[in-house]
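The numbering used here numbers the first residue of the sequence shown as 8 and each following residue consecutively. Cβ coordinates follow ideal geometry from the N, Cα and C atoms, glycine included. None of these values were measured; they are calculated from a predicted model.
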Amino acid sequence: MKRKENFAGSLPGTGRGLVAFPDTYVVVDLETTGLDPERDQIIEIGALEVTAGKRGRTFSTLLQPRTPLEGQYVSPFITRLTGITNEMLAAAPQPRQALEAFGKFLGSRVAVGYNVGFDMGFLQQQFQDQLYRPLANDWVDVLPMAQTLFPLWDHHRLNNLAAWYHVENKEAHRALSDVETTETCFRKLKEDAGRQYPSLEDFLEKVRQKLNKKDEGEQLSLW
8 MKRKENFAGS LPGTGRGLVA FPDTYVVVDL ETTGLDPERD QIIEIGALEV
58 TAGKRGRTFS TLLQPRTPLE GQYVSPFITR LTGITNEMLA AAPQPRQALE
108 AFGKFLGSRV AVGYNVGFDM GFLQQQFQDQ LYRPLANDWV DVLPMAQTLF
158 PLWDHHRLNN LAAWYHVENK EAHRALSDVE TTETCFRKLK EDAGRQYPSL
208 EDFLEKVRQK LNKKDEGEQL SLW
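Structure, rendered in C-alpha cells:
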C-alpha cells in the first residue's frame, strides 16, 4: 500500500536517491498506518543486510504507534492487509527504541527497496520526530529499474516482479518477507539488465533518463 508520490529527501540533512547497483547495502521495507508520513506512523520495519553481494543479518521489529483511542492502533483494513493486529502492537516496542535499534543496524549503508522513497520519507520524518536527528542515508529504488526493464507491463508492483522471477513472497505486506522478496528480485533484475544492455551503466543511464522525464512532468505508473 504505497502511493506514487513520496517525501524522501524533503527534510534538511537527509540522504538522496541514487541510481546504482551497490555491492553492499541494506534492503528496507515498512508497514504503516497510512500513506502520509506527516500524519501516519510506522508499525513495522524489516531489513536485510547484503555485503559484497552476500546476504547477512536480518532486522525485524513492530512499533507501537500513538493512538487517539486506547488499544486501537490500526484500522481493520490495515489488519486485513498486513495481518498486524492491535494486540500485536500493544506489546510492541516504543517508536524511539525501535528506531534507535534500526539506525544501529542500518549504519551508514545505502538503503535499497521497492518504491523505497515512500519508506525513506517515513523513516526520515520519524527519525526527526522521535530521535531529533536526520536520517542521512542515501537510497536506491528498484521500482524505476523494473519500469525501465519491463516498459510494456501494465503494472509494476513488487508482486508483479516477484511473479516474473518465480519468487514466492510467503507473507506479502509483512516487512521482512517483502524485504527478502525485494532482495531476490533486485539481484535477478541486475542479471537481466546485464544481459539485455551493453553494460550495466548503459541500463542505469536509461533509468536516470526515465527519472529525469518524470521530474519534468511525466507520471510513472506504479499501479
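A residue is called buried once 16 or more other Cβ atoms fall within 10 Å of its Cβ, and residue 159, having fewer, is exposed.
DSSP lists no bridge partner for residue 90.
For the pair of segments examined, the stretch 125 to 136 was found to touch the stretch 26 to 39: the number of CB pairs separated by less than 8 Å reaches three. In this structure, 73 is the residue among 166, 95, 73 with its C-alpha nearest to the C-alpha of residue 136. When the beta-carbon positions are compared, residue 33 and residue 56 come within less than 9 Å of each other.
DSSP places residue 222 in the uninterrupted alpha helix (DSSP H) bounded by 207 to 222. If you ignore the 5 residues before and after residue 211, its C-beta comes within less than 6 Å of the C-beta of 26, all in its own chain and listed in chain order. Taken atom to atom, the span from the alpha-carbon of residue 150 to that of residue 104 is near 30 Å. For residue 24, the secondary structure class from DSSP, reduced to helix, strand or coil, is strand. Residue state for residue 96 is assigned as helix, using DSSP reduced to three classes. Residue 221 and residue 122 have their C-alpha atoms spaced approximately 14 Å apart. In this structure, the CA atom of residue 96 is about 31 Å from the CA atom of residue 170. Under DSSP, residue 58 forms a beta bridge with 61.
Taking C-beta atoms as the reference points, residue 179 and residue 168 fail to come closer than 9 Å.
According to DSSP, residue 146 shares a beta bridge with 24, 118.
Our two residues, residue 84 and residue 163, have alpha carbons roughly 23 Å apart in a direct line. Taking 9 Å as the cut-off, the beta carbon of residue 138 is found closer than this to the beta carbon of residue 107.
Looking at the DSSP output, residue 37 sits in a beta bridge with 52. Between residue 41 and residue 91, the alpha-carbon positions lie close to 13 Å from each other. If only complete runs of 3 or more residues are kept, the stretch 139 to 192 shows the beta strand (DSSP E) at 146 to 148, in order along the chain.
Note that the C-beta distance between residue 203 and residue 156 is below 9 Å.
Residue 110 has its alpha-carbon roughly 17 Å from the corresponding atom of residue 186. Taking the Cα of residue 44 as reference, the smallest distance to any Cα among 172, 147, 124 is reached at 124.
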